[in-house]
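J.: Here it is: the structure, laid out below.
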Amino acid sequence: MNSGNSGSPLGAEGFNDGHSNPPSGAGGILEVCANGYESALAAQIGGAKRVELCDNLAEGGTTPSFGQIALAKKNLTIEVWPIIRPRGGDFLYSAIEFNLMKEDIKICKSLNCDGIVIGILQFDGSIDKTRCVELIELAKPLPVAFHRAFDMSNNMEKALEDLIELGIIRVLSSGGANSAIDGVETLAKLVKQANGRISMMPGAGINENNVQELIDKTGAKEFHASAKSFVASKMAFRNIESKMGSFEDEYQYELTSIEKVKALVKIIEKT
Numbered sequence: 016m017n018s019g020n021s022g023s024p025l026g027a028e029g030f031n032d033g034h035s036n037p038p039s040g041a042g043g044i045l046e047v048c049a050n051g052y053e054s055a056l057a058a059q060i061g062g063a064k065r066v067e068l069c070d071n072l073a074e075g076g077t078t079p080s081f082g083q084i085a086l087a088k089k090n091l092t093i094e095v096w097p098i099i100r101p102r103g104g105d106f107l108y109s110a111i112e113f114n115l116m117k118e119d120i121k122i123c124k125s126l127n128c129d130g131i132v133i134g135i136l137q138f139d140g141s142i143d144k145t146r147c148v149e150l151i152e153l154a155k156p157l158p159v160a161f162h163r164a165f166d167m168s169n170n171m172e173k174a175l176e177d178l179i180e181l182g183i184i185r186v187l188s189s190g191g192a193n194s195a196i197d198g199v200e201t202l203a204k205l206v207k208q209a210n211g212r213i214s215m216m217p218g219a220g221i222n223e224n225n226v227q228e229l230i231d232k233t234g235a236k237e238f239h240a241s242a243k244s245f246v247a248s249k250m251a252f253r254n255i256e257s258k259m260g261s262f263e264d265e266y267q268y269e270l271t272s273i274e275k276v277k278a279l280v281k282i283i284e285k286t
């Protein structure tokens, strides 16, 4: 990587290293937020070009296990980008949590992941540039994307410029709203502000029924969706008096749907 890019740990060409926005005139890209290897496999079968590999989607996604990452990298041909997030909740991390993130990045490098996804804020809601630089440097040569911690920043326009300066190649955002559709006007402004310097990728609540509106109104080329469905448990015996977690019905679980991925890809790739 060219280290001559002023202020950018990834170098001037970081956004154009094969992991960036598709060139003008090319079809769009679907990234699937996969809650494990099985969902990542479904994403690939459905035609997605990349997965953000996560665990614990109920809390917005946390770092997946070694086994999940290892199987994904062993058996998939599409890009695998694990999220580096030690817990749910806010994005202000303790020293212990930050050290955990660094160890997880080392694991991702050892497993030859295609990139990693991070997100760290300071207590005032600004991007924690110092810690981001440390993680970006540690991740090299892997490219780095920034997740929806961006939506929780105190000034998204300033945050976007900070991430460009850092060499982040892609930002996941709902435009600061509960869903990308609700934040569509802000997303359009952010895509315009980015102006090809970084990929603004809409995400949150995206499905085959609303993605065309996001394409038309934002001008984005990359889109992020979980495309998940509930799968019924095959358990014959069911103890409904006890619960293991917060789901109302624990005799079902979520997996990415091949058919939902196909439906999204069909729309996105024609853009």
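Residue numbering for the sequence shown is 16 to 286, as defined by my numbering. From the three backbone atoms N, C-alpha and C, an ideal C-beta is built for every residue, glycine too. Predicted model only: the values in this text are computed from it and were never measured.
Around the Cβ of M171, are there at least 16 other Cβ atoms within 10 angstroms (buried) or fewer (exposed)?
T.: Per the 10 Å Cβ criterion, buried.
J.: M116: buried (16+ other C-beta within 10 angstroms of its C-beta) or exposed?
T.: Under this definition M116 is a buried residue.
J.: Can you grab the Cα-Cα spacing for the pair A278 / D264, in whole Å?
T.: So the two alpha carbons sit approximately 27 Å from each other.
J.: Can you list, in chain order, the stretches of the beta strand (DSSP E) that have 3 or more residues and sit fully within the region 120-168?
T.: Counting whole runs of 3 or more residues, the region 120-168 contains the beta strand (DSSP E) stretches 131-133, 159-161.
J.: Below 6 Å CB to CB, which residues in the same chain sit around G61 once its five sequence neighbours on both sides are set aside?
T.: Excluding residues within five positions, the ones whose Cβ falls inside 6 Å are I273, V276, K277.
J.: Out of D231, G190, T201, Q137, state which residue places its alpha-carbon closest to the alpha-carbon of I283.
T.: Measuring from the Cα of I283, the nearest candidate turns out to be D231.
J.: For the pair the region 43-54 and the region 245-256, tell me if three or more CB-CB distances fall below 8 Å.
T.: No: the two stretches stay apart, fewer than three of their Cβ pairs being nearer than 8 Å.
J.: How big is the Cα-Cα spacing for I179 and A192?
T.: The straight-line gap from Cα to Cα measures roughly 22 Å.
J.: In chain order, what residues of the same chain have a beta carbon less than 6 Å from the beta carbon of E112, not counting five sequence neighbours either side?
T.: Once the five neighbours on either side are set aside, the close Cβ partners of E112 are P101.
J.: Would you tell me roughly how many angstroms separate the C-alpha atoms of C123 and N210, rounded to the nearest one?
T.: Distance between the alpha carbons of C123 and N210 is about 30 Å.
J.: Are A195 and A160 closer than 8 Å when you measure CB to CB?
T.: No, the pair does not count as a contact, with Cβ atoms beyond the cut-off.
J.: Would DSSP call K281 helix, strand or coil?
T.: Helix, per DSSP.
J.: Have a look at D129, C128, S168 and flag the residue whose alpha-carbon is nearest the alpha-carbon of I135.
T.: Among D129, C128, S168, the Cα nearest to that of I135 is on S168.
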